[in-house]
Amino acid sequence: MERSYEKYFRQNRLPHLWCPGCGNGIAMKAIVQAIEKKGLSQDNTVIVSGIGCSSRASGYMDFDTLHTAHGRAIPFATGIKLANPDLNVVVITGDGDCTAIGGNHFIHGCRRNVDLTVVLFNNNIYGMTGGQASPMTPLGKKATTAPYGSVDRPFDACHLAEAAGATYVARSTAFHEKHLVDMIAGGFDNKGFSFIEALVQCPTAYGRKNKMGSPANMLMWMRDNAVMKAAWDKLPAEAKAGEKFPIGCFYQAEAMDYDTAYDQVIERAGGASK
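All residue numbers for the sequence shown refer to our numbering, where the first residue is 21 and numbers rise by one.
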């Protein structure tokens with residue numbers, strides 16, 4: 021019997037090409053479950069992705085989709101949203117795609133408060149292109165470009181999104197799948213730039229280099245180190261040391277979205293020309 025979410029996938033494109041044990045499939049499914057939960061129309065939803073492991077997701081999803089250039093998913097999505105503000109526009113990106121080559125597009129999408137839902141699949145590494153360290157590789161973790169451990173301080177993409185002007189910021193993990201669905205659904209409710217970081221396991225490029233064991237072990241690492249925000253806020257500073265990290269909705273605010281602001285410019289220009 022077909023499950024309700026299967027209609028959201030292009031069956032002729034499956035099985036996918038992700039490595040066995042990869043968490044991208046969990047995050048991709050969470051997006052369609054959130055779409056179903058909020059009752060968004062499949063015909064009125066566009067999925068946009070850049071380049072990388074995460075960005076292959078758009079090819080498997082049965083929506084109007086764009087698989088765009090490296091780091092450029094957000095400007096493509098911005099154009100779609102401005103052309104037709106009635107569309108639900110979802111961006112799927114990765115830690116390298118979004119915060120390295122796409123970093124400027126990311127912060128300016130937040131600054132403008134474009135009405136997009138951006139889901140960043142964070143596997144802490146460039147998985148598809150050779151296992152290089154990304155801007156979100158944790159300190160001391162190994163990669164092909166950091167064989168003795170990374171010394172580059174990593175971005176906290178959630179802090180970055182909030183500081184740049186996003187009006188909804190959240191994080192979850194592939195282990196906390198139902199929670200991840202809720203975080204993405206919350207982004208759909210927000211009128212403005214919504215950013216959700218989905219921590220996903222990469223057993224091939226990241227886990228193997230850092231001796232994290234099987235994909236199941238990597239999921240258990242998420243279980244053991246993720247702390248719900250309400251509990252995190254009550255922890256003393258020393259308890260937040262090490263590999264512990266918070267998950268949940270970190271920030272939510274109301275501000276004029278870019279579509280509305282642009283409409284006002286058009287109205288002013290129309291009045292001035294009369």
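Every residue, glycine too, gets a C-beta built ideally from N, C-alpha and C.
Same chain, Cβ closer than 7 Å to residue i, five either side skipped, listed in chain order
i	result
residue 241	232
residue 294	Note on residue 294: pLDDT 48, under 50, position unreliable in the model; the coordinate value appears next. Excluding residues within five positions, none has a Cβ falling inside 7 Å.
residue 101	107, 109, 134, 135, 136 and 279
residue 238	221, 223, 227 and 232
residue 206	188, 190 and 269
residue 282	102
residue 197	46 and 50
residue 164	150, 151 and 152
residue 211	135 and 277
residue 288	none
residue 253	none
residue 217	140, 142, 177, 178 and 191
Residue from the options with nearest C-alpha to residue i
i	options	result
residue 251	266, 234 and 183	266
residue 143	220, 83, 124 and 166	220
residue 89	125, 188 and 229	125
residue 55	96, 110, 84 and 80	110
residue 59	247, 248, 209 and 276	209
residue 76	168, 98 and 114	114
residue 43	85, 112, 158 and 195	195
residue 151	283, 285, 230 and 52	230
residue 273	246, 201, 263 and 215	215
residue 161	139, 181, 192 and 262	262
residue 85	49, 41, 30 and 40	30
residue 34	68, 166 and 78	78
residue 245	83, 99, 284 and 193	193
residue 47	200, 104, 157 and 82	200
residue 264	186, 243 and 283	243
residue 185	62, 288, 276 and 80	276
residue 98	158, 80 and 67	67
residue 116	80, 82 and 69	69
residue 10	167, 163, 82 and 104	What the structure shows of the chain is the stretch from 21 to 294, and residue 10 is not part of that stretch, so it cannot be assessed.
residue 57	218, 204 and 167	204
Own chain, CB closer than 8 Å to residue i, minus 5 neighbours either side, in chain order
i	result
residue 45	36 and 38
residue 64	106, 107 and 108
residue 5	Since the first and last residues shown for the chain are 21 and 294, residue 5 lies out of range.
residue 169	159, 160, 161 and 162
residue 248	266, 267 and 268
residue 61	108
Sheet register partners of residue i (DSSP bridge)
i	result
residue 140	113 and 217
residue 269	190
residue 146	152
residue 32	DSSP output for residue 32 lists no bridge partner at all.
residue 163	166
residue 108	65
Sequence-distant residues of the same chain with beta carbon closer than 6 Å to residue i, five excluded per side
i	result
residue 148	72 and 73
residue 132	278
residue 52	25 and 28
residue 118	126 and 140
residue 181	130, 189 and 215
residue 271	182 and 189
residue 155	119, 120 and 175
residue 138	111 and 215
Open item on the list: Three Cβ pairs or more, each shorter than 8 Å: is that satisfied between the segment 158-177 and the segment 244-258?
Closed with: Contact fails: fewer than three Cβ-Cβ distances are below 8 Å.
Open item on the list: To test your reading of the DSSP string, which unbroken beta strand (DSSP E) runs of 3 or more residues are found completely within the segment 231-288?
Closed with: Entirely contained in the segment 231-288, the beta strand (DSSP E) runs reaching 3 residues are, in chain order, 246-248 and 265-272.
Task: Touching by the beta-carbon criterion (3+ pairs, under 8 Å), the segment 129-147 and the segment 211-228 - done: Counting C-beta pairs with one atom in each stretch, the segment 129-147 and the segment 211-228 have three or more that are closer than 8 Å, which means they touch.
Open item on the list: Using a Cβ distance threshold of 8 Å, determine whether the segment 114-128 contacts the segment 84-102, with at least three qualifying pairs required.
Closed with: Contact between the segment 114-128 and the segment 84-102 is present: 3 or more CB-CB pairs across the two stretches fall below 8 Å.
- [ ] Please go through the segment 43-86 and give each complete alpha helix (DSSP H) segment of 4 or more residues, from N-terminal end onward.
- [x] Qualifying alpha helix (DSSP H) stretches, in chain order: 44-58 and 77-80.
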